[in-house]
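Asks: Just dropping this structure here.
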């Protein structure tokens, strides 16, 4: 079968050399973030995922024992027409191929081909039960090498600010590599589970540390969310006591890890034998992924051919009242797209003027001399005394989100954002929708504004 390849392995000497270099480069990190013997195979697997195989390659492996890699399949580029269907067929054929080999081995058939012998050698003995269990335990992992490299390039814009925030909370600087696992340093990342931003906060966790409402979602701001992530990680560590546990809790949830520690005691015992409906592959592997991502990122950062993005100097201006985004853009002579890029936590209704920038919000602006002058002369007359009130519309039979949006002069994106609709902007009969809109005349509010300097560059 031509699209199956045997996974290769670097030589033992090279592995030992890399391990020695890592130990000598960051001994303190080894104490805080130990490489337990029980997870060495997992870390090696994820290093291959991040540093060796691209998104057009799929790794077929045992879900529980990541040292058992059966083969690698070539996939079509995921952006190609019909890619999802084509890749599903490729993966299905590969899975059946390896299931058949494992089934034959379970039934006592001799391993004749080199591939069959290689797969048989992955097992310590010719145990029928082990082969049958493995047959039904095949998982596919898509490689991430190209995506990870893009994340390393993007990370240059954020790492200085992230490390500064971690230092502020007396946290290890190595935690700055966690967004490689969460989002590949993409502030616009959004998961199927509803996690958002560089640090992939869910709404439930995010509201404990960030403002998330109809006007603002601070999960989308890489710097506001970094502050939240630092606080969250510090609380995890304070309650759980070690960084392997605290990092796993970032994915699995603190309460779940507290229960796991109560039952199993140590990280190693949890990794080995903790079983619940929620503690599955992702949670079990999260700390291993973090260690692997840190190792691969550090190697790539030493490559002079890789030019990383640079931070941009910005300043923060706290709003003393409610203000239109368009008035901010006009006063500071900032293009619409630049303002949105610098302030990704402002939601669509605010950016389009259906709602006002909330009082107290810190607007991010380029830290140029002219911007500083304009900040000192910011007109109090641009402020409004209150937020624009939402109207309400009850969905009727035959209504669609598009029709309702047109009725009120909104975009579907504005309507969906104000009501947390799904990606299809589905509405139901009887549903009460918020309709952002209306305009209020500005009222004068006297205030003193002080620009804040930062060295940050949103993506």
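In this note's numbering, the protein residues as written are 2 to 460. Glycine included, each C-beta is placed from N, C-alpha and C at the ideal position. Given the structure is predicted, the values throughout are model-derived calculations rather than measurements.
1) Suppose the cutoff is 6 Å on Cβ atoms and the five residues either side in sequence are ignored; what does the same chain contact list for residue 363 look like?
2) Among 34, 159, 214, which residue has its Cα nearest to the Cα of residue 187?
3) Out of 71, 81, 77, 194, which one is the CA nearest neighbour of residue 58?
4) Would you call the stretch 353-362 and the stretch 325-334 in contact, with 3 or more CB pairs under 8 Å?
5) Is it the case that the Cβ atoms of residue 60 and residue 141 are separated by a distance below 8 Å?
6) Residue 229: which of 401, 136, 251 sits nearest, CA to CA?
7) State the beta-bridge partners of residue 323 as determined by DSSP.
8) Which runs of the alpha helix (DSSP H) spanning at least 4 residues fall entirely within the stretch 245-304, listed in chain order?
9) Leaving aside the five residues before and after residue 14 along the sequence, list all residues of the same chain whose C-beta is less than 6 Å from its C-beta, in chain order.
10) Around the Cβ of residue 162, are there at least 16 other Cβ atoms within 10 angstroms (buried) or fewer (exposed)?
11) Could you name the residues of the same chain whose beta carbon sits closer than 6 Å to that of residue 118, not counting the 5 residues immediately before and after it, in chain order?
12) With which residues is residue 393 paired in a DSSP beta bridge?
13) For residue 323 versus residue 381, is the C-beta spacing smaller than 8 Å?
14) Considering only their Cβ atoms, is the gap separating residue 269 from residue 37 smaller than 8 Å?
15) Check residue 105 in the structure and name its three-state DSSP category.
16) Return the Cβ separation of residue 43 and residue 274 in integer angstroms, given the expectation that the two are a contact with Cβ distance under 8 Å.
17) Can you tell which of 146, 103, 156 has the C-alpha that lies nearest to the C-alpha of residue 130?
18) So residue 513 and residue 198 are supposed to be a Cβ contact under 8 Å. How far apart are they, rounded?
19) Taking all protein chains shown into account, decide if residue 404 is buried (16 or more other Cβ within 10 angstroms of its Cβ) or exposed.
20) Pull up the distance between the alpha-carbon of residue 69 and that of residue 296, whole angstroms please.
21) In its own chain, which residues sit with a C-beta less than 8 Å from the C-beta of residue 164, not counting the 5 before and 5 after it?
22) Does DSSP put residue 143 in a helix, in a strand, or in coil?
23) So what does DSSP say about residue 225, is it helix, strand or coil?
24) By the 10 Å Cβ neighbour count, where 16 or more other Cβ atoms means buried, how is residue 247 classified, buried or exposed?
25) Does DSSP put residue 430 in a helix, in a strand, or in coil?
26) Within this structure, are the beta carbons of residue 348 and residue 393 separated by less than 8 Å?
27) Per the DSSP calculation, residue 62 is bridged to which residue(s)?
28) Which residues bound the alpha helix (DSSP H) around residue 119?
29) Around the C-beta of residue 280, are 16 or more other C-beta atoms found within 10 angstroms, so that it is buried, or is it exposed?
30) Would residue 249 be called buried (16 or more neighbouring beta carbons within 10 Å of its own) or exposed?
31) At what residues does the alpha helix (DSSP H) containing residue 50 begin and finish?
32) To the nearest angstrom, how far is the alpha carbon of residue 201 from that of residue 105?
33) If you measure between the beta carbons of residue 54 and residue 193, is that distance less than 8 Å?
34) Using the three-state DSSP reduction, which class does residue 231 fall into: helix, strand or coil?
35) Output yes or no for whether 8 Å exceeds the beta carbon distance between residue 215 and residue 406.
36) What residues in its chain sit with their C-beta under 7 Å from that of residue 301, if we drop five residues either side in the sequence?
Replies: The short version:
1) 317, 319
2) 159
3) 77
4) yes
5) yes
6) 251
7) 385
8) 255-265, 268-274, 282-302
9) Any reading at residue 14 needs caution, since the residue's pLDDT is 39, under 50, leaving its predicted position unreliable; the model's value is listed next. Answer for residue 14: no residue qualifies.
10) Around the beta-carbon of residue 162, 16 or more other beta-carbon atoms lie within 10 Å, marking it buried.
11) 112
12) 435
13) Going by C-beta atoms, residue 323 is not nearer than 8 Å to residue 381.
14) yes
15) helix
16) Wrong, their Cβ atoms sit about 15 Å apart, outside the cutoff.
17) 103
18) Limits of the chain in this structure are 2 at one end and 460 at the other, which puts residue 513 out of reach.
19) exposed
20) 22 Å
21) 174, 177
22) strand
23) In this structure, residue 225 counts as helix in the three-state DSSP scheme.
24) When all chains shown are included, residue 247 counts as buried.
25) coil
26) no
27) Residue 62 is bridged to 70, 140.
28) 115-122
29) By the Cβ-count criterion, residue 280 is buried, with 16 or more other Cβ atoms from all chains shown falling within 10 Å of its own Cβ.
30) Buried, because 16 or more other Cβ atoms sit within 10 Å of the Cβ of residue 249.
31) 41-52
32) 43 Å
33) no
34) helix
35) no
36) 150, 153, 307
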